[in-house]
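Novice: Counting in numbering that gives the first Met the number 0, the sequence shown runs without a single skipped number right up to 357 at its last residue.
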Amino acid sequence: MGFGFIATFMTIQMCCTCTAYAVTVADVLADTFEWQKERKKAAVVAFFLLVPFTFIRSLKKIAILSTVATFACVLQMLAIAVPCYLDVVNGETYVEHMDATPSKLIYFNPDVTKLIKVLPIILLSYSTQASSPIILASMQDNSWGNVRHVTGLVYFLLYAISAVFGHSVYLRYADLCTSSALTTIGYRSIDQVARWCGFVLVFISYIFIMFPIRNVLMSACLRTDELHHEAPYMVFAAVSVVLSICLSSLAVVAQELGGLELCLRFGGGCCATLMAMVFPPLLFVRTRAERGWDARVAAGRGALSFFMNFGRYSAQATPSLHTWYVEFRDATKQVSLSCAFRSFDENCYWPDSDFFGL
Numbered sequence: 000m001g002f003g004f005i006a007t008f009m010t011i012q013m014c015c016t017c018t019a020y021a022v023t024v025a026d027v028l029a030d031t032f033e034w035q036k037e038r039k040k041a042a043v044v045a046f047f048l049l050v051p052f053t054f055i056r057s058l059k060k061i062a063i064l065s066t067v068a069t070f071a072c073v074l075q076m077l078a079i080a081v082p083c084y085l086d087v088v089n090g091e092t093y094v095e096h097m098d099a100t101p102s103k104l105i106y107f108n109p110d111v112t113k114l115i116k117v118l119p120i121i122l123l124s125y126s127t128q129a130s131s132p133i134i135l136a137s138m139q140d141n142s143w144g145n146v147r148h149v150t151g152l153v154y155f156l157l158y159a160i161s162a163v164f165g166h167s168v169y170l171r172y173a174d175l176c177t178s179s180a181l182t183t184i185g186y187r188s189i190d191q192v193a194r195w196c197g198f199v200l201v202f203i204s205y206i207f208i209m210f211p212i213r214n215v216l217m218s219a220c221l222r223t224d225e226l227h228h229e230a231p232y233m234v235f236a237a238v239s240v241v242l243s244i245c246l247s248s249l250a251v252v253a254q255e256l257g258g259l260e261l262c263l264r265f266g267g268g269c270c271a272t273l274m275a276m277v278f279p280p281l282l283f284v285r286t287r288a289e290r291g292w293d294a295r296v297a298a299g300r301g302a303l304s305f306f307m308n309f310g311r312y313s314a315q316a317t318p319s320l321h322t323w324y325v326e327f328r329d330a331t332k333q334v335s336l337s338c339a340f341r342s343f344d345e346n347c348y349w350p351d352s353d354f355f356g357l
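If you want it as structure tokens, here you go:
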């Protein structure tokens, strides 16, 4: 049950990410074809554009798309960052397409609540690589050394590019920034190039994220292993269509309620925060309790408690999680006190061993 519990949250998180991708594709179409007042129409068009590519069953067959995505990502970064930096160097402050002037930049904000507010989105950005295991498994050389080399290089490049995105856009637009850089920039030719590069990048990312979601659903509902293509292709195609319809419907709802920001905050607050900062310490405590606590592990209790509480308060930024945390708050306090007063040679057991069904 513990594995299924975590897998459920991971699947929900990936669905939120796919919904965010669908919203982004619809936003690009709306801004390009001037459908700002017809975003539902843009969402429907995005659905028909995305569905055909979800019928691809093997990641090896879409390996060429990874090269296209990499090229689009670099070109998008240049199309957004270079004009922003040039405007800053030239001293331009007025934003014509927004008919406003940004306020002064805030280099440091001592208000910790601001960090907690954006923390779920930050954690979500570090956990959207859910399709990485499937991609790595399809590599010709999937040895541990090569996997570490490839993932280290790719993740470094990804977040270096993300840093350039964030720095350049905020430096130019400051408080005028919206939830997406693609909706913040203007409508010049170079801005349209950036939008379409973002469209291609998100388009391909949507296809990759669909793989683990579909695999989990087919394994849970149909009892088939999609990694070995056990289900007939028509069943695979039907699941792809149904899943795309559900995600597109969620994208329409998200556009009405808050757009891309809603998807990111919900996915980060309800799933990424728990997966990154709450579940690992709890699983560590549960696993270590069976082996006993030595001096080295006990010395790290302070850091463990810090991350558990920091994750707890961060996730409480999402109101729906408050009731869940109240239920195990007393259990957390009990295990902390019992470990503090017991000797290192004694075992420290979780007060309710069936809490996670482990």
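From the three backbone atoms N, C-alpha and C, an ideal C-beta is built for every residue, glycine too.
The structure displayed is predicted, hence computed values, not measured ones.
Cα separation between Thr10 and Glu260?
Specialist: Whole-angstrom Cα-Cα distance: 19 angstroms.
Novice: Count the other C-beta atoms from every protein chain shown that fall within 10 angstroms of the C-beta of Ser161, then say buried if there are 16 or more, exposed otherwise.
Specialist: Exposed is the call here.
Novice: Taking the straight line between their C-alpha atoms, what separation do you get for Leu249 and Gly257?
Specialist: Rounded to whole angstroms, Leu249 to Gly257 spans 12 angstroms at the Cα level.
Novice: Inspect the beta-carbon positions of Ala29 and Ser247 and report whether they are closer than 8 angstroms.
Specialist: No, Cβ-Cβ distance for Ala29 and Ser247 is not below 8 angstroms.
Novice: Measuring only the C-alpha atoms, how far is Phe107 from Lys113?
Specialist: Going from the Cα of Phe107 to the Cα of Lys113 covers about 11 angstroms.
Novice: So, helix, strand or coil for Ala19, using DSSP?
Specialist: Helix.
Novice: I'd like to confirm the pairing. Which residues does DSSP put opposite Val94 in its beta bridges?
Specialist: DSSP output for Val94 lists Ala99 as bridge partner(s).
Novice: Considering His227, what are the terminal residues of the alpha helix (DSSP H) in which it resides?
Specialist: Segment: none, His227 is in no alpha helix (DSSP H) and carries neither H nor E.
Novice: In the structure shown, what three-state DSSP assignment does Tyr32 receive?
Specialist: It should be noted that the sequence gives Phe, not Tyr, for residue 32. Three-state DSSP puts Phe32 in coil, outside helix and strand.
Novice: Just to confirm before moving on: does the CB-CB distance between Ala25 and Gln254 stay below 8 angstroms?
Specialist: Going by C-beta atoms, Ala25 is nearer than 8 angstroms to Gln254.
Novice: Could you give the distance in angstroms between the alpha-carbon of Ala165 and the alpha-carbon of Asp98?
Specialist: Just to set this straight, residue 165 is Gly in the shown sequence, not Ala. Each residue's Cα considered, the two are about 22 angstroms apart.
Novice: Pairing CB atoms from the stretch 33–43 with CB atoms from the stretch 63–74, are three or more of them under 8 angstroms?
Specialist: As far as the Cβ criterion goes, the stretch 33–43 does not touch the stretch 63–74, which means the pair count is below three.
Novice: Cβ of Ile206 within 8 angstroms of Cβ of Thr7?
Specialist: Result no, Cβ atoms of Ile206 and Thr7 do not sit closer than 8 angstroms.
Novice: What span of residues does the alpha helix (DSSP H) with Thr182 cover, start to end?
Specialist: From DSSP, the alpha helix (DSSP H) with Thr182 extends over 180–183.
Novice: Residues in its own chain within less than 7 angstroms of Ala230 by CB, not counting five upstream and five downstream?
Specialist: Contacts found: Met217, Leu221, Thr223.
Novice: Looking only at C-alpha atoms, which of Ile120, Ala45, Tyr84 sits nearest to Cys269?
Specialist: Cys269 has its Cα closest to that of Ile120, out of Ile120, Ala45, Tyr84.
Novice: If you drop the 5 nearest sequence neighbours on each side, which residues of the same chain put their C-beta closer than 8 angstroms to that of Leu175?
Specialist: Val94, Met97, Ala99, Pro101, Thr183, listed in sequence order.
Novice: Between which two residues does the alpha helix (DSSP H) holding Ala211 run?
Specialist: Note on identity: in this sequence residue 211 is Pro, with Ala being the wrong assignment. That run of the alpha helix (DSSP H) goes 188–220.
Novice: Considering only the beta carbon of each residue, do Leu181 and Cys83 sit closer than 8 angstroms?
Specialist: No; because the gap between Cβ atoms is not below 8 angstroms, this pair is not in contact.
Novice: Taking 8 angstroms as the cut-off, does the stretch 42–49 touch the stretch 268–286 (at least 3 CB pairs, one atom from each stretch)?
Specialist: Counting Cβ pairs under 8 angstroms, fewer than three are found: no touch.
Novice: If we call anything under 8 angstroms between Cβ atoms a contact, is Ile203 one with Ala19?
Specialist: Not in contact: Ile203 and Ala19 (Cβ atoms no closer than 8 angstroms).
Novice: Among Ile105, Val284, Gln12, Leu77, which residue has its Cα nearest to the Cα of Leu123?
Specialist: Cα-wise, what sits closest to Leu123 is Gln12.
Novice: Just the Cα atoms here: how many angstroms apart are Ala237 and Leu74?
Specialist: So the alpha carbons of these two residues sit roughly 35 angstroms apart.
Novice: Could you tell me the distance, in whole angstroms, from the CA atom of Ala173 to the CA atom of Gly90?
Specialist: So the alpha carbons of these two residues sit roughly 14 angstroms apart.
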